[in-house]
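Visitor: First the structure, which I've put down as structure tokens, then a few questions once you've had a look.
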Amino acid sequence: MVPLSWYLIFAAGLFSVGLFGVLARKNAIGILMGIELMLNAVNVNLVAFWRYREPAGIAGQVFAVIVFAVAAAEVAVGLALFISIYRRRNTIAADQIDLMKW
Amino acid sequence: MVTSIQILFILVAIITLGCALMVVTARNLVHSALWLVAALFGVAIVFAILEAGFLAVVQVVIYIGAIAVLIIFAIMLTRRIAQDSGPRFNENWGWAVVIALVLFAALGWMLASQPVAHAPLAPMDARADPLRSLGLALVSINGYVLPFELASVLLLAALIGSIVVAWEMK
């Protein structure tokens with residue numbers, strides 16, 4: 000049997016890698032891919048806690064399904080925004096989209 | 000005493016984390032997206048190890064089948080960016096490394112020191128059908144019908160919103 004702490008540490012590593020991508024990437028689509036990794040880490044945690052603590056209840060899986068739906072919505076809107084920005088400003092480098100930067 | 004399932008988990012975890020590292024460091028964005036597909040597949044295998052077969056299938060169908068393909072489409076539509084030779088990180092990437100490492104150390108220490116992290120595997124009732132109870136919970140008035148309907152409204156709003164945002168106004 001795999002200890003629960005292994006899943007938690009694996010998820011923490013995945014989350015940290017995603018966070019690095021979000022903070023360091025220049026390209027906006029690269030940032031979005033980092034967010035996807037972070038959401039996946041959250042899902043691993045939810046499912047691991049469901050399996051180890053409460054397999055009779057189903058709340059962990061329900062939460063994971065809702066996270067799937069939110070991730071799909073977020074990616075669709077984000078990519079539409081990037082395509083629109085690219086059309087107008089010819090770049091999606093995150094440090095050049097600074098029209099609203101104070 | 001290391002069992003075969005533990006070896007499998009360690010292999011999958013290392014491969015997934017390696018693919019995730021390639022996602023955030025690859026120079027070419029198309030390569031980055033392909034590494035993302037590999038990392039998502041690794042997470043699907045972790046779901047399968049956790050006996051959440053439905054979520055493993057959903058992971059492959061939605062994440063790899065829809066989201067990854069959507070990301071690759073967006074990279075192709077903004078093609079000039081994908082191959083630009085400039086730096087792929089902004090100038091603060093050193094701080095990003097520090098923050099990510101500190102967060103990982105803090106999370107790992109905090110999670111490993113909790114007694115719940117060493118909980119034994121709860122026994123799964125052999126007659127229980129997680130997929131059936133998931134389906135019932137999502138439509139039951141005593142379960143999660145409201146979050147479920149909210150998620151569908153959110154998806155519809157995102158669908159319409161992304162069409163409006165990406166529409167080319169003449």
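Those sequence lines, one after another, are chains D and F. Numbering that gives the first Met the number 0 puts the last residue of the first sequence at 101; the count rises by one with no breaks. Numbering that gives the first Met the number 0 puts the last residue of the second sequence at 169; the count rises by one with no breaks. Using N, Cα and C, we set each Cβ at its ideal position, and we do this for glycine too.
For my contact list, F:A37 and F:I71 are in at a C-beta cut-off of 8 angstroms; report their separation, rounded to the angstrom.
Guide: Locating residue 37 of chain F in the second sequence gives position 38, counting from the first residue. Locating residue 71 of chain F in the second sequence gives position 72, counting from the first residue. Their Cβ separation, rounded to whole angstroms, is 13 angstroms, which puts F:A37 and F:I71 out of contact at 8 angstroms.
Visitor: Where does the unbroken alpha helix (DSSP H) through F:H30 begin, and where does it stop?
Guide: To locate residue 30 of chain F, count along the second sequence from 1; it is residue 31. Its alpha helix (DSSP H) spans residues 28-48.
Visitor: Any idea if F:M123 is buried or exposed, counting beta-carbon neighbours within 10 angstroms, 16 or more meaning buried?
Guide: The residue labelled residue 123 of chain F in the question sits at position 124 within the second sequence. With fewer than 16 Cβ atoms within 10 Å of its Cβ, F:M123 is classed as exposed.
Visitor: Starting from the C-beta of F:Y62, find all residues in its chain whose C-beta is less than 6 angstroms away, skip the five residues before and the five after it, and write them out in chain order.
Guide: Looking up residue 62 of chain F in the second sequence gives position 63. Cβ within range, chain order: L39.
Visitor: Determine, using beta carbons only, whether D:A63 and F:L54 come nearer to each other than 7 angstroms.
Guide: Taking the first residue of the first sequence as position 1, residue 63 of chain D is located at position 64. Taking the first residue of the second sequence as position 1, residue 54 of chain F is located at position 55. Contact: yes.
Visitor: If F:N41 and F:V11 are in contact, beta carbons under 8 angstroms, what's the gap, nearest whole angstrom?
Guide: Taking the second sequence and counting its residues from 1, one reaches residue 41 of chain F at position 42. Taking the second sequence and counting its residues from 1, one reaches residue 11 of chain F at position 12. A small fix is needed here, since residue 41 of chain F is Gly in this sequence, not Asn. The pair is a contact, with the Cβ atoms about 5 angstroms apart (cut-off 8 angstroms).
Visitor: Taking the alpha-carbon of F:W92 as reference, which of D:L22, D:N39, D:A93, D:S83 has the nearest alpha-carbon?
Guide: Here residue 92 of chain F is taken as the residue at index 93 of the second sequence, counted from 1. Ranking the options by Cα distance to F:W92, first place goes to D:L22.
Visitor: Given 8 angstroms as the limit, is there contact between the region 8-24 of chain F and the region 70-86 of chain D, that is, 3 or more CB pairs closer than that?
Guide: no
Visitor: When DSSP labels each residue in this structure, what does F:L153 get in the three-state scheme?
Guide: The count along the second sequence starts at 1 and reaches residue 153 of chain F at position 154. Looking at F:L153 - three-state DSSP - the assignment turns out to be helix.
Visitor: Within 7 angstroms of any Cβ in chain F, is that where the Cβ of D:I84 sits?
Guide: Taking the first sequence and counting its residues from 1, one reaches residue 84 of chain D at position 85. It does not: the Cβ of D:I84 has no partner Cβ on chain F nearer than 7 angstroms.
Visitor: Within 10 angstroms of the Cβ of D:K25, are there 16 or more other Cβ atoms? Answer buried if so, exposed if not.
Guide: For the purposes of this step, residue 25 of chain D is identified with residue 26 of the first sequence, where counting begins at 1. Per the 10 Å Cβ criterion, buried.
Visitor: Could you tell me whether the Cβ of F:S132 comes closer than 7 angstroms to any Cβ of chain D?
Guide: Residue 132 of chain F sits at position 133 when you count from the first residue of the second sequence. Yes, its Cβ sits closer than 7 angstroms to a Cβ of chain D.
Visitor: Do D:Q60 and F:L154 have their C-beta atoms within less than 7 angstroms of each other?
Guide: The residue labelled residue 60 of chain D in the question sits at position 61 within the first sequence. The residue labelled residue 154 of chain F in the question sits at position 155 within the second sequence. No. Outside cutoff.
Visitor: Quick one: grab the DSSP three-state call for F:R87.
Guide: By 1-based counting over the second sequence, the position of residue 87 of chain F is 88. Three-state result, F:R87: coil.
Visitor: Do you know whose CA, among D:I84, D:D97, D:M32, D:L36, lies nearest D:L13's CA?
Guide: Locating residue 13 of chain D in the first sequence gives position 14, where the first residue counts as 1. For the residues D:I84, D:D97, D:M32, D:L36, the minimum Cα distance to D:L13 belongs to D:L36.
Visitor: Can you tell me which of F:A118, F:L76, F:V97, F:W94 puts its alpha carbon nearest to the alpha carbon of D:P2?
Guide: Locating residue 2 of chain D in the first sequence gives position 3, where the first residue counts as 1. For the residues F:A118, F:L76, F:V97, F:W94, the minimum Cα distance to D:P2 belongs to F:A118.
Visitor: Rounded to whole angstroms, what is the Cα-Cα separation between F:P129 and F:V22?
Guide: On the second sequence, position 130 is the one that residue 129 of chain F refers to. On the second sequence, position 23 is the one that residue 22 of chain F refers to. Between F:P129 and F:V22, the C-alpha separation is close to 33 angstroms.
Visitor: Can you name, in chain order, every residue of its own chain whose Cβ lies under 8 angstroms from the Cβ of D:F19, other than the five neighbours on each side?
Guide: By 1-based counting over the first sequence, the position of residue 19 of chain D is 20. So the list reads G33, once near-sequence residues are dropped.
Visitor: Measuring straight from C-alpha to C-alpha, what distance separates F:S3 and D:I8?
Guide: Indexing the second sequence from 1 puts residue 3 of chain F at position 4. Indexing the first sequence from 1 puts residue 8 of chain D at position 9. Distance between the alpha carbons of F:S3 and D:I8: 19 angstroms.
Visitor: What residue does the alpha helix (DSSP H) around F:W94 start on, and which one ends it?
Guide: Within the second sequence, residue 94 of chain F is the residue found at index 95, counting from 1. Residues 92-112.
Visitor: Please return the same chain residues whose Cβ sits closer than 6 angstroms to the Cβ of F:V144, not counting the five positions on each side in sequence.
Guide: In the second sequence, counting from the first residue as 1, residue 144 of chain F sits at position 145. For F:V144, where only same-chain residues beyond five positions count, the Cβ hits under 6 angstroms are V138.
Visitor: DSSP puts D:A92 in a beta bridge; with which residues?
Guide: One-based indexing of the first sequence puts residue 92 of chain D at position 93. D:N26, per the DSSP bridge assignment.
Visitor: D:V150 versus chain F: which residues are under 7 angstroms apart at the beta carbon?
Guide: Because chain D in this structure spans residues 0 to 101, residue 150 of chain D falls outside the shown range and cannot be described.
Visitor: Are D:V16 and F:A19 touching if we call contact CB-CB under 7 angstroms?
Guide: Numbered from 1 along the first sequence, position 17 holds the residue referred to as residue 16 of chain D. Numbered from 1 along the second sequence, position 20 holds the residue referred to as residue 19 of chain F. In contact: D:V16 and F:A19 (Cβ atoms closer than 7 angstroms).
Visitor: Alpha carbon to alpha carbon, what distance is there between F:L120 and D:M0?
Guide: Position 1 of the first sequence, counted from the start, is the residue given in the question as residue 0 of chain D. Position 121 of the second sequence, counted from the start, is the residue given in the question as residue 120 of chain F. Taken atom to atom, the span from the alpha-carbon of D:M0 to that of F:L120 is near 8 angstroms.
Visitor: With DSSP run on the structure shown, which of helix, strand or coil describes F:G142?
Guide: Within the second sequence, numbered from 1, the residue matching residue 142 of chain F stands at position 143. Note: F:G142 maps to coil in three-state DSSP.
Visitor: Cutting at 8 angstroms between CB atoms, please list the residues of its own chain near D:V74, excluding the five before and the five after it.
Guide: The count along the first sequence starts at 1 and reaches residue 74 of chain D at position 75. Result list for D:V74: L31, E35, in chain order.
Visitor: Would a C-beta distance cut-off of 7 angstroms place F:L171 and D:R50 closer than the cut-off?
Guide: Outside the displayed span of chain F (0 to 169) sits residue 171 of chain F, for which this structure offers no information.
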